[in-house]
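Everything below concerns the one structure shown next.
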Amino acid sequence: MKKVITYGTFDLLHWGHIRLLERAKQLGDHLTVVLSTDEFNLLKDKKAFHNYEQRKYLLEAIKHVDQVIPETTWDQKVTDIQSHHIDIFVMGDDWKGQFDFLSDHCEVCYLERTKDISTTYIKQQLAGSAQT
Numbered sequence: 001m002k003k004v005i006t007y008g009t010f011d012l013l014h015w016g017h018i019r020l021l022e023r024a025k026q027l028g029d030h031l032t033v034v035l036s037t038d039e040f041n042l043l044k045d046k047k048a049f050h051n052y053e054q055r056k057y058l059l060e061a062i063k064h065v066d067q068v069i070p071e072t073t074w075d076q077k078v079t080d081i082q083s084h085h086i087d088i089f090v091m092g093d094d095w096k097g098q099f100d101f102l103s104d105h106c107e108v109c110y111l112e113r114t115k116d117i118s119t120t121y122i123k124q125q126l127a128g129s130a131q132t
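Under full-length UniProt numbering, think of the first position of the sequence shown as 1, with each following residue one higher.
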């Protein structure tokens with residue numbers, strides 16, 4: 001069985017997220033999503049609209065996702081890859097080159113981002129409509 005892993009906050013879940021998960025799953029047989037906890041997001045100066053449990057619930061409902069585990073530190077990636085016997089690490093290409101160091105442990109794949117959609121874009125649009 002070929003195992004794939006990806007990481008993220010997955011807040012304000014949108015079709016770009018689903019497309020990333022779908023393409024990641026197509027690379028293997030099992031997809032693990034490592035989801036940033038609320039506490040870890042605070043360390044990254046990031047605030048999610050939905051809390052960890054709500055985001056986890058949404059991800060677990062997606063047919064492409066086989067397992068969701070918590071991300072609590074930047075440094076857990078190697079441990080996750082080893083302990084879950086991961087073959088392929090996947091991230092969006094906006095992170096290109098940032099995780100090449102993981103190629104000592106598994107294949108590293110950067111997938112092209114879905115154009116014209118992002119959580120940042122949604123937040124900007126919502127902030128703009130709230131001001132009018």
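Virtual Cβ for every residue (Gly too), placed ideally from N, Cα, C.
Here the structure is a predicted model, which means the values were calculated and not measured.
Asked	Found
When Leu-111, Arg-55, Thr-73, Gln-82 are compared against Glu-39, the one with the closest alpha-carbon	Thr-73
Backbone secondary structure at Gln-67 - three-state DSSP	strand
Runs of alpha helix (DSSP H) wholly within the UniProt domain "Cytidyltransferase-like" (5-124) (minimum 4 residues, chain order)	15-26, 38-43, 52-60, 77-83
Cβ-Cβ separation, Thr-9 to Ser-36 (assumed contact under 8 Å), whole Å	5 Å
Nearest-angstrom Cα separation, counted from Asp-29 out to Met-1	6 Å
Proximity below 9 Å, CB of Tyr-7 to CB of Lys-77	yes
Residue environment, Phe-89, which counts as buried when at least 16 other CB atoms sit within 10 Å	buried
Euclidean distance between Cα positions of residue 215 and Ile-86	This structure gives no information on residue 215, because the portion of the chain shown stretches from 1 to 132.
For Gln-54, the nearest candidate out of Asp-94, Ile-117, Asp-11 (CA to CA)	Asp-11
Contacts around Asp-94, its chain only, beta-carbon distance under 8 Å, and the 5 residues preceding and following it disregarded	Arg-113
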